[in-house]
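**Q** Residue numbers for the sequence shown follow my numbering, beginning at 575 and rising by one.
Just so it is clear, CB atoms sit at the ideal spot from N, CA and C, and this is done for glycine as well.
Quantities reported herein were computed from a predicted structural model and do not represent experimental measurements.
Pasting a structure below so you can have a look.
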Amino acid sequence: MNYVGISTFDTANGPGVRVSLFCSGCRLHCRGCFNPESWDFDAGLVYDAQAEERILKALEEPFVEGLSLLGGDPLEPENEPVLRSLCRRVREKFGSSRSIWLWTGRKYEHVRDLPIFQYIDTVVDGPFIERLKVEKPGQWFGSTNQRIICLQKSAPNAGACPGCTAKSAP
Ligand code: SF4
575 MNYVGISTFD
585 TANGPGVRVS
595 LFCSGCRLHC
605 RGCFNPESWD
615 FDAGLVYDAQ
625 AEERILKALE
635 EPFVEGLSLL
645 GGDPLEPENE
655 PVLRSLCRRV
665 REKFGSSRSI
675 WLWTGRKYEH
685 VRDLPIFQYI
695 DTVVDGPFIE
705 RLKVEKPGQW
715 FGSTNQRIIC
725 LQKSAPNAGA
735 CPGCTAKSAP
């Protein structure tokens with residue numbers, strides 16, 4: 575897997591201050607995509623042990639609320655196993671004290687069986703649709719068809735994601 579960026583102080587993608595990983599590669603090619611340079615699976619840098627340690631170290635900061643996985647598409651078959659392993663390590667190290675959010679262009683109903691979802695608190699799903707583009711800044715999705723789905727509603731740690739607004743989502 576390659577990645578196009580890591581942000582260790584991201585306040586734009588999910589609640590609170592987050593560590594965000596923008597992976598490379600997306601086959602959906604939504605018209606008007608905000609990040610078309612990330613479509614290429616070879617874009618950016620190789621995701622190696624050093625990159626992973628940087629993420630895990632950044633998550634130690636007490637002001638960091640969690641990890642955000644974006645793209646590209648984290649659920650492309652080249653990316654999902656690598657990110658699943660990262661999520662497993664985050665859970666081993668931090669338990670549920672750090673929330674994990676994932677953005678995908680797929681609809682959740684079509685990908686819900688992927689094993690990475692055992693680690694995910696919240697998924698923002700669906701393709702970007704240009705005519706439904708959200709103009710208001712500060713939203714966590716780009717077009718109004720996209721949904722913020724809290725996967726932990728019935729789990730013991732339901733509502734544990736700091737600042738989570740997903741309870742009102744479908
Ligand atoms: S799924 Fe995301 S990264 Fe892929 S084309 Fe659509 S908006 Fe761009």
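(1) Is there contact between the segment 605-623 and the segment 664-675, where contact requires at least three CB pairs shorter than 8 Å?
(2) What did DSSP end up calling K681 once you bin it into helix, strand or coil?
(3) Going by the DSSP bridge assignment, what does T696 pair with across the sheet?
(4) Over what stretch of residues does the beta strand (DSSP E) that includes E654 continue unbroken?
(5) Give me whichever residues DSSP pairs with C597 in a beta bridge.
(6) Leaving out five residues before and five after F583 in sequence, what residues of the same chain have Cβ atoms less than 7 Å from its Cβ?
(7) With a threshold of 16 other CB atoms inside 10 Å of the CB of T678, please say whether the residue is buried or exposed.
(8) Run through DSSP, which three-state label would L641 get?
(9) Decide if P648 is buried, meaning its Cβ has at least 16 other Cβ atoms within 10 Å, or exposed.
(10) Please report the distance separating the alpha-carbon of Q720 from that of F702.
(11) Less than 7 Å separating the Cβ of P701 from some heavy atom of the ligand SF4?
(12) May I ask you to report which of helix, strand or coil DSSP gives K631?
**A** Considering the structure as presented:
(1) no
(2) coil
(3) W675, C724
(4) That residue, E654, is in no beta strand (DSSP E); its alpha helix (DSSP H) goes 654-668.
(5) Y577
(6) V591
(7) T678 sits buried, since 16 or more C-beta atoms from the chains shown fall within 10 Å of its C-beta.
(8) Assigned with DSSP and collapsed to three states, L641 falls in strand.
(9) buried
(10) Going from the Cα of Q720 to the Cα of F702 covers about 7 Å.
(11) yes
(12) helix
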